[in-house]
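Numbering (the working numbering), first residue to last: 422 to 935.
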Ligand SMILES: [Zn+2]
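Structure follows, in structure tokens:
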């Protein structure tokens, strides 16, 4: 009799918990779908503030915007200083061809590029010479004085491979690929024969008096280039679209020296502090245990960092907003980290791990998102032996609609340096990556000049905000603290050494200041 009563009580308490969960899940979905703030947040961040390169005033503006935004939702937020960086601000770049005809060219200066100091600089364009060796190169170098130098290979086609595969003949595709790989090899040799590498060559050119260095870092899609940092210290490094780079290159090859007019503005701002934005909803029963949301806040600045990592940022902010509304008194403390300087080596998150020994050992779980705008389709257990139990339990409360294509890998293997979750995995924290569907991320938006608001797929981002909010709620409510037990990694077949877990890596706390 007594036993039956206990079973009944147990059953009913499980039933009560399940009912509570389904009410909570329903309220999360209602708020996410009926009152989504994603487009507004996306517009303010990507269009209003723009790209978020570490050390720029726009990065700082974004941190301040996030703190203020959390404030309007009644969520406590702060900017935590973790380092210092070279302060720099991008200005306008105007690149015009003025001979043999007039055409405005599509291009921009690289990040941290020096400008033209308020002047318009004109000069001929030359191609990096194909010399016999480094001695011949030193003899050629003085001829670049006052000229713009093209230092990238000329792509034989501006069409992406998928376009060739759709319309080309077998022969024409093979021919193009062979030609491209020959040109690529020859160009690698051309650079190495100078005695310099991709990093030191631009400096040698500017020291020889070049007016500027021009590259074309094509991203293998229609009209898309990757925009990274400049190595020059005195003259601008410019990236031109494949179309315009090819135009200049062919003119020179055919005996016409094109002339450019360039004005490129940028400001040096000295040493500036760098931050992470951290926001929290205090736990009521176990305030010293933490469930974390995580996404890097910084970006490269060729576009506006919309999918890298504006969308991850939006997912975490929207999930926090919804949780504060429907679950204001969580059992454990909910923390979100919007990291600075992921792009230069996970610096913000690594610094947080170092700076918070009071938090890191007490993190129940962390979810990071950082590979584009798509629906989350993959979660790996990162080598945590019991991840299957708890993630499986938490996911079981997510309605099918929001996890239709989701695949899980348990126990999985510890991820390398991919993104900020790795900083936590290395410290033994059950930290997971919410891995997204591609949407042509690698070629079209990742670190490119086309990573802008229009590429955001809001339905998918909304899906991810719902999924994340439910996982965070479930992780907060879980009766048990998660196990940190790790799998034994297999022996490395090549070295015969036992498999090693990734070690904690020091962040770079002062960057770009050499
Ligand atoms: Zn990223």
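All C-beta atoms, glycine included, are put in the ideal place defined by N, C-alpha and C. These numbers come from a predicted model, not from an experiment.
Alpha carbon of residue i to alpha carbon of residue j, nearest angstrom
| i | j | result |
| --- | --- | --- |
| residue 572 | residue 609 | 11 Å |
| residue 785 | residue 712 | 5 Å |
| residue 859 | residue 729 | 12 Å |
| residue 863 | residue 436 | 45 Å |
| residue 696 | residue 707 | 27 Å |
| residue 597 | residue 868 | 26 Å |
| residue 672 | residue 871 | 27 Å |
| residue 453 | residue 783 | 29 Å |
| residue 440 | residue 890 | 17 Å |
| residue 866 | residue 642 | 10 Å |
| residue 808 | residue 883 | 25 Å |
| residue 458 | residue 897 | 24 Å |
| residue 628 | residue 570 | 13 Å |
| residue 661 | residue 725 | 18 Å |
| residue 475 | residue 769 | 10 Å |
| residue 448 | residue 832 | 31 Å |
| residue 462 | residue 735 | 7 Å |
| residue 767 | residue 779 | 20 Å |
| residue 623 | residue 790 | 35 Å |
| residue 748 | residue 526 | 52 Å |
| residue 798 | residue 835 | 18 Å |
| residue 926 | residue 788 | 20 Å |
| residue 875 | residue 515 | 24 Å |
| residue 606 | residue 549 | 15 Å |
| residue 918 | residue 683 | 55 Å |
| residue 433 | residue 813 | 22 Å |
| residue 716 | residue 522 | 47 Å |
| residue 861 | residue 460 | 21 Å |
| residue 928 | residue 677 | 49 Å |
Check: residue i C-beta below 6 Å from any heavy atom of ligand 1
| i | result |
| --- | --- |
| residue 729 | yes |
| residue 791 | yes |
Which of helix, strand or coil DSSP assigns to residue i
| i | result |
| --- | --- |
| residue 563 | helix |
| residue 513 | strand |
| residue 803 | coil |
| residue 713 | strand |
| residue 503 | strand |
| residue 919 | coil |
| residue 557 | helix |
| residue 404 | This structure gives no information on residue 404, because the portion of the chain shown stretches from 422 to 935. |
| residue 531 | coil |
| residue 870 | coil |
| residue 729 | helix |
| residue 435 | helix |
| residue 612 | helix |
| residue 724 | coil |
| residue 844 | helix |
| residue 790 | coil |
| residue 701 | strand |
| residue 757 | strand |
| residue 574 | coil |
| residue 520 | strand |
| residue 590 | coil |
| residue 857 | strand |
| residue 785 | strand |
| residue 901 | coil |
Buried or exposed by the 16-neighbour rule on C-beta atoms within 10 Å, applied to residue i
| i | result |
| --- | --- |
| residue 456 | exposed |
| residue 583 | exposed |
| residue 602 | exposed |
| residue 464 | exposed |
| residue 851 | buried |
| residue 443 | exposed |
| residue 828 | exposed |
| residue 541 | exposed |
| residue 753 | buried |
| residue 740 | buried |
| residue 801 | buried |
| residue 555 | exposed |
| residue 885 | buried |
| residue 700 | buried |
Exercise. Is there contact here, the region 508-518 with the region 683-701, by at least three beta-carbon pairs under 8 Å?
Worked result: yes
For this session: Determine contact between the region 641-661 and the region 586-594, defined as no fewer than three beta-carbon pairs at a distance below 8 Å.
Result: no
Problem set entry | the region 483-490 / the region 902-913 touching (three or more Cβ pairs under 8 Å) | no
For this session: Could you say if the region 523-537 and the region 650-657 meet the contact criterion of at least three C-beta pairs nearer than 8 Å?
Result: yes
For this session: Count the C-beta pairs between the region 747-767 and the region 839-859 that are closer than 8 Å, then say yes if the count reaches three, no if not.
Result: yes
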